[in-house]
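Student:
Protein chains: 2
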Amino acid sequence: MSLKIPSDTVSETPGSASAHKNVTTILKQLESDGIIGISVDCVIFGFDDNELKVLLIKSDMERYDNKWSLLGDLVNNHEDLDQAAYRILKERTGLDDVYLEQVKGFGAVGRHPAARVVTIAYCSLINIEHHKLKILDNELHWHRVTTLSEMAFDHRQILDVCYEWLQKRIQEHPLGFSLLPKQFSLRELQNLYEAILDVKLDRRNFRKKFFSMGLLEDTGELESDVPHRPGKLYKFNYDKYQKKERKKWFGIDF
Amino acid sequence: MSLKIPSDTVSETPGSASAHKNVTTILKQLESDGIIGISVDCVIFGFDDNELKVLLIKSDMERYDNKWSLLGDLVNNHEDLDQAAYRILKERTGLDDVYLEQVKGFGAVGRHPAARVVTIAYCSLINIEHHKLKILDNELHWHRVTTLSEMAFDHRQILDVCYEWLQKRIQEHPLGFSLLPKQFSLRELQNLYEAILDVKLDRRNFRKKFFSMGLLEDTGELESDVPHRPGKLYKFNYDKYQKKERKKWFGIDF
DNA sequence: ACCAAAATGTGTATTTTTTACACGGTAGAA
DNA sequence: TTCTACCGTGTAAAAAATACACATTTTGGT
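Protein chains in written order, with the numbering used here: chain A, 1 to 254; chain B, 1 to 254.
(1) Ignore the nearest five residues each way along the sequence and tell me which others in Ile158 (chain B)'s own chain have a CB closer than 7 Å to its CB.
(2) Contact criterion: CB-CB distance below 8 Å. Does His78 (chain B) meet it with respect to chain A?
(3) For Ile170 (chain A), collect the residues of the same chain with a Cβ closer than 8 Å to its Cβ; drop the 5 residues on either side in sequence, then sort them by chain order.
(4) So the candidates are A:Glu101, A:Gln102, A:Ala85; which of them puts its Cα closest to the Cα of Gly94 (chain A)?
(5) Three or more C-beta pairs under 8 Å: does that hold for the segment 87 to 103 of chain B against the segment 113 to 132 of chain B?
(6) Closer than 8 Å, CB to CB, is Val199 (chain B) near chain A or not?
(7) Candidates A:Gly46, A:Ile57, A:Leu27: which alpha carbon is nearest Arg111 (chain A)'s?
(8) Using a Cβ cut-off of 8 Å, pull out every chain B residue sitting near Leu180 (chain A), in sequence order please.
(9) Nearest to Leu189 (chain A) by CA position, among A:Ile57, A:Ser32, A:Val23, A:Asp48, is which residue?
(10) Any beta carbon from chain A within less than 8 Å of Pro113 (chain B)'s own beta carbon?
(11) So for Arg144 (chain B), helix, strand or coil by DSSP?
(12) Compare the C-beta of Lys235 (chain A) with all C-beta atoms of chain B and state if any pair is closer than 8 Å.
(13) I'd like to confirm the pairing. Which residues does DSSP put opposite Glu261 (chain A) in its beta bridges?
(14) Helix, strand or coil, according to DSSP, for Glu31 (chain B) in the structure here?
(15) For Val291 (chain A) and Lys235 (chain A), I'd like the C-alpha separation in whole angstroms.
(16) Going straight from the alpha carbon of Asp239 (chain A) to that of Gly251 (chain A), what length do you get?
(17) Output, in chain order, the set of chain B residues within a Cβ distance shorter than 9 Å of Lys248 (chain A).
(18) Which runs of the beta strand (DSSP E), 3 residues or longer, sit entirely within the segment 194 to 230 of chain A?
(19) Report back the beta-carbon spacing between Asn50 (chain A) and Asn191 (chain A) to the nearest angstrom; my notes put them in contact at under 8 Å.
(20) For Phe254 (chain A) and chain B, any beta-carbon pair shorter than 8 Å?
(21) Output yes if chain A places a C-beta closer than 8 Å to the C-beta of Pro230 (chain B); else output no.
(22) Please compile the residues from chain B whose C-beta is within a distance smaller than 7 Å of the C-beta of His155 (chain A).
(23) With respect to the alpha helix (DSSP H) encompassing Lys244 (chain A), which residues constitute its N-terminal and C-terminal limits?
(24) Output, in sequence order along the chain, the residues in the segment 98 to 127 of chain A whose CB is closer than 7 Å to any CB in chain B.
(25) The beta strand (DSSP E) that contains Lys67 (chain B), what's its start and end?
(26) How big is the Cα-Cα spacing for Glu245 (chain B) and Ser185 (chain A)?
(27) Starting from the C-beta of Glu221 (chain B), find all residues in its chain whose C-beta is less than 8 Å away, skip the five residues before and the five after it, and write them out in chain order.
(28) Note down, in chain order, each residue of its chain lying with its Cβ closer than 8 Å to the Cβ of Ile38 (chain A), except the 5 sequence neighbours on either side.
(29) Is the Cβ-Cβ distance between Leu216 (chain A) and Phe210 (chain A) less than 8 Å?
(30) On the criterion of 16 or more Cβ atoms from any shown chain inside 10 Å, does Val199 (chain A) qualify as buried, or is it exposed?
(31) 8 Å is my cut-off, CB to CB: does Tyr238 (chain B) come that close to chain A?
(32) When you compare each of A:His78, A:Arg92, A:Lys104, A:Lys247 to Glu164 (chain A) by their alpha carbons, which one comes out closest?
(33) Can you check whether the C-beta of Pro227 (chain B) is within less than 8 Å of a C-beta belonging to chain A?
(34) Using only CA atoms, which one of A:Leu56, A:Asp80, A:Glu79, A:Asn66 lies nearest to Gly72 (chain A)?
(35) Using a Cβ cut-off of 8 Å, pull out every chain B residue sitting near Val75 (chain A), in sequence order please.
(36) DSSP beta-bridge partners for Cys42 (chain B)?
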């Protein structure tokens, strides 16, 4: 027997229905042969209406009817893990210039009902407005992360892990800007942090903190369409961040 | 065809030679069927002679002669990833009550010459003295992490990632104590941190820091066999650490 | 018995970072 | 014109991190 995973069929069929059908078929074959499959699941975060959102798709397996699942797919034979994650992102959102990072592998024996599948979870952060138009698939929806009903498979657990990862990561690395427009006000930035971390922050200290990092660039422009005094718009200086010397020593604290 | 991975053969054969031979056979079969294999590699850290060490095994594949590799094995069909990592640790060191944590998955297409294999790296921290007797396999050796020659496959890259992971992790969580005897002097603890982080720390501030955390317990005993004034011996209070409330907010800093 | 060597144990002053906190200004809406 | 809501700014207090020196205890050598 030869179980060549047909990459054309799996990866280049847009939408979910047909692709998922093929995946199901493949999984059955894997299961009958006692083979462990490997997949990538993308946890795609967005920020809208001052809330953290996650992009989910309706599972089309009967057993998981009406449950939402992460965007995932089997890994093709010729692509590495990162490539697989980028492919899924590209297929679902049309984007390839996005933040993407591996978070964790999940390999519980019974995590997938059809076969033994080990999945690698990736986190991606995108700006919802910027990418709204590219999502044509009706099965896709942005969900609030904080109020989320049951999910398919172990995807709730994966999401929880990724959310905690994000909360930590966003404080140490400038990921958050990927969720905002290129130009943003300090208020928007603070809303982002407050929403993701679920804390209230002092406005003046927040500004002081960010300005002292010297990575925000004044664009000279102002907010518009706000029913109050408009704030200045800034952009994040990635170049400066790259060149910045990282401090090696953070200090012991636990 | 059926490719049942014979768990008995793979996992319960001690030593490396015969087990690796079977793994090689299995990999050839995977490759010919175009199937992605999945393995776990353990990066086992120890601390000895004031240096960070890693436990390696001599690769028995011709192509990687005289190179050292991490302790790894294919994941069995009936065990989850963590279990696989614990199994490998148990087989190699005889231990099952050790620190173990998943670090990252590695899935470059050409990372293994025999077949496409995605591996999940786990880090483990053990006390070398405590476990010295259980390691009977002559192919196993503790190596300095800082001065390490070429390794097999992409294991050098995996080790590098795990070492960086350790450097960061050890500052936020009390992992380091797993590398020390149950009772240790503050000097030993400081040596550990200085070696792993490659920094020099002020002795008084280091002590102040750890005592202020309130997690070190004075055993009332003293060092012995030291050619100078003996220091007090402490142990780490894990219970107290567990009960301690974690601070949610660390502060933005990048 | 004494001395030298080496590492232990301890406190304070200085600097840096974090936190708390209030008011005048400006744009839009009514 | 007035109201509302948010923008922009500085300082004082507290907390945390850093720099730094000396007397003490043990071992080992003479």
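No residue lacks a Cβ here, since even glycine has one placed at the ideal position from N, Cα and C.
Tutor: If we stick to the structure as given:
(1) Once the five neighbours on either side are set aside, the close Cβ partners of Ile158 (chain B) are Asp41, Val43, Leu70, Phe106, Ala121.
(2) Yes, because at least one Cβ of chain A sits closer than 8 Å to the Cβ of His78 (chain B).
(3) Correct list, in chain order: Gly176, Tyr193, Ile196, Leu197.
(4) The shortest CA-to-CA distance from Gly94 (chain A) to any of A:Glu101, A:Gln102, A:Ala85 is the one to A:Ala85.
(5) Flag = yes, the segment 87 to 103 of chain B and the segment 113 to 132 of chain B touch.
(6) With 8 Å as the cut-off, Val199 (chain B) counts as an interface residue toward chain A.
(7) Cα-wise, what sits closest to Arg111 (chain A) is A:Leu27.
(8) Simply none; closest approach about 15 Å.
(9) Looking at the Cα atoms, A:Asp48 is the closest of the given residues.
(10) No, its Cβ sits nowhere closer than 8 Å to a Cβ of chain A.
(11) If DSSP states are grouped into helix, strand and coil, Arg144 (chain B) belongs with the strands.
(12) It does not: the Cβ of Lys235 (chain A) has no partner Cβ on chain B nearer than 8 Å.
(13) Residue 261 (chain A) lies beyond the residue range present for chain A, which begins at 1 and ends at 254; the question has no answer from this structure.
(14) In this structure, DSSP gives Glu31 (chain B) a helical state, which the three-state scheme calls helix.
(15) Nothing in the structure corresponds to residue 291 (chain A), since chain A is present only between 1 and 254.
(16) One C-alpha to the other measures close to 27 Å.
(17) From the beta-carbon of Lys248 (chain A), the residues of chain B found nearer than 9 Å are Gln167, Leu197, Asp198, Val199.
(18) For the segment 194 to 230 of chain A, whole beta strand (DSSP E) runs of length 3 or above, ordered along the chain, are 216 to 222.
(19) The beta carbons of Asn50 (chain A) and Asn191 (chain A) sit about 5 Å from each other, so the pair counts as a contact at 8 Å.
(20) Using a CB distance cut-off of 8 Å, Phe254 (chain A) counts as an interface residue toward chain B.
(21) Chain A contact via Cβ: absent.
(22) In chain B, no part has a C-beta under 7 Å from the C-beta of His155 (chain A); the shortest such distance is about 17 Å.
(23) Per DSSP, Lys244 (chain A) lies in no alpha helix (DSSP H) and is assigned neither H nor E.
(24) The segment 98 to 127 of chain A vs chain B, Cβ under 7 Å: Gln102, Lys104, Gly105, Gly107, Ala108, Val109, Arg116, Val118, Ile120.
(25) It is not in any beta strand (DSSP E) - Lys67 (chain B) carries neither H nor E in the DSSP assignment.
(26) Cα to Cα, the separation comes out at about 34 Å.
(27) Cβ neighbours of Glu221 (chain B) beyond the five flanking positions: Gln183, Lys232, Leu233.
(28) In chain order, Leu74, Val75, Val117, Val118, Thr119, Ile120 place their CB closer than 8 Å to the CB of Ile38 (chain A), counting only its own chain and leaving out the 5 sequence neighbours on each side.
(29) Phe210 (chain A) sits close to Leu216 (chain A), with the two beta carbons spaced by under 8 Å.
(30) Around the CB of Val199 (chain A), fewer than 16 other CB atoms lie within 10 Å, so the residue is classed as exposed.
(31) No, because no Cβ of chain A sits closer than 8 Å to the Cβ of Tyr238 (chain B).
(32) Minimum Cα distance to Glu164 (chain A) is reached at A:Lys104.
(33) Answer no: the Cβ-Cβ gap between Pro227 (chain B) and chain A never drops below 8 Å.
(34) Nearest C-alpha to Gly72 (chain A): A:Leu56.
(35) Contact note: Val75 (chain A) reaches chain B through Ile36, Gly107, Val118, using a C-beta cutoff of 8 Å and chain order.
(36) As DSSP reads the structure, Cys42 (chain B) sits in a beta bridge with B:Leu71, B:Tyr122.
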